[in-house]
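Undergrad: Can you read through this structure? Questions will come right after.
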Amino acid sequence: MVLITDDSLPDYKALWKQETELRRQAEEARRQARHTTFEEFIRACHNLLSLQLEVGDKSLSMKVSLTKPHWENCLDSQQQLYNSVRKFLLASEEDAPRLFSSDRSLEDVRRIHCSQPLRSEKDLEYYEPLAVEDNVRYVIAELCKIPDAREEFKLEYGVQFDRANALADVESGRPDVEDQSSARLPVPDKFFYRVKSNTNTLFTSAEYKSSSQWRVFALAYGRWISRRK
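Numbering (this note's numbering), first residue to last: 9 to 237.
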C-alpha cells in the first residue's frame, strides 16, 4: 500500500484561482482589442483622451482671454446631439454595431501623443487633430453611410478640418459682439468644412485656446451640428 501525504497532492484551489485569472486576462485582452460601439467609443474617448488631459503649470502658460460669448446652452445642445447620433449608431445595446476604434488603439494614442501636460496653444494645436478631429471625423464618416442620418444632419460626403490660410473666407467666424472695436478679432487656426462632391463649404473657423478654457471632443462636433441648418 502506498500512502500519499497531503504535501504530494496538487493545490486544486490555487490551480483554480490561477486558471480563473488567466481566463480573465484573456477576456480583457479580447475586449481591449475589439472594435467599440458608439457608446463605448464616446466613453473611451472621454476617459482616455479628455478626462486624463492635464494642463501644465499655469504660471508658465500663456494667459489670453476668450473672444467668443459663453455658450449658455452647451450641455443641453450636447445632450441633444448625443441622443440624435445615438439613435442611428446604437439602436439597441445588444445589437449595436462595433464600428469604432478599440480601447487599445485609443490608449496607444493617449500614451504616445497625449500623455504630457499641455502648456501652450502649440501643444493644443498638436493635441486637437489626434484626440479630437480624427474621432469627430470617424463618427461623421459612419453617419454618412446611413441615408436618414445624412439627411437629418445635412452631411453630404463628410467633413474636413483644414489649416489653410483662407482668411478671406472666414468672416462668419468673427466674434459676434456689439462693439467690434473692443474685441480682439481672432486669427483662425483651423477651418471646418462640409465636403460635397468636389467642393467644400466652410461651416466655421476656430482659434486655438488654452486647454484650461474649454473641454474637448464634442465641442467642434456640436458647433457644426448647431449650424447645420
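Idealized CB from N, CA, C, for every residue including glycine.
Going by CA-CA distance only, name the one from Leu107, Tyr135, Asp142 that's closest to isoleucine 120.
TA: Tyr135
Undergrad: Whose C-beta lies closer than 7 Å to the C-beta of phenylalanine 108 among residues of the same chain, with five residues either side of it excluded?
TA: His43, Thr44, Phe46, Phe49, Tyr146
Undergrad: Reducing DSSP to helix, strand and coil, say where leucine 61 ends up.
TA: Here leucine 61 sits in coil by DSSP.
Undergrad: Using only alpha-carbon positions, find the residue among Asp170, Glu62, Glu36 that is nearest to arginine 127.
TA: Answer by Cα proximity: Glu62.
Undergrad: Go to aspartate 84, then tell me how far its alpha helix (DSSP H) extends in each direction, as first and last residue.
TA: Looking at the DSSP string, the run of the alpha helix (DSSP H) that includes aspartate 84 is 82-97.
Undergrad: So, at 6 Å on beta carbons, what are the nonlocal neighbours of glutamine 188 in its own chain, with the 5 sequence-adjacent residues on each side left out?
TA: Confidence at glutamine 188 is low in this model, with a pLDDT of 47, below 50, so the placement of that residue should be treated as unreliable; the coordinate-derived value is given next. Excluding its 5 nearest sequence neighbours in each direction, glutamine 188 has no C-beta neighbour in its own chain below 6 Å.
Undergrad: Does the distance from the CB of glutamate 150 to the CB of phenylalanine 169 come in under 8 Å?
TA: no
Undergrad: Tell me the DSSP secondary structure of threonine 207 in three-state form.
TA: Secondary structure of threonine 207 (DSSP, three-state): strand.
Undergrad: Starting from phenylalanine 108 and walking both ways along the beta strand (DSSP E), at which residues does that stretch end?
TA: In the DSSP assignment, phenylalanine 108 falls outside any beta strand (DSSP E) and carries neither an H nor an E.
Undergrad: Let me make sure I understand the geometry here. Which of Asp84, Trp79, Ala52 has the alpha-carbon closest to that of arginine 112?
TA: Ala52
Undergrad: Would you give the residue range spanned by the beta strand (DSSP E) that glutamate 140 belongs to?
TA: Looking at the sequence provided, one finds valine at residue 140 rather than glutamate. No beta strand (DSSP E) contains valine 140, which DSSP labels as neither H nor E.
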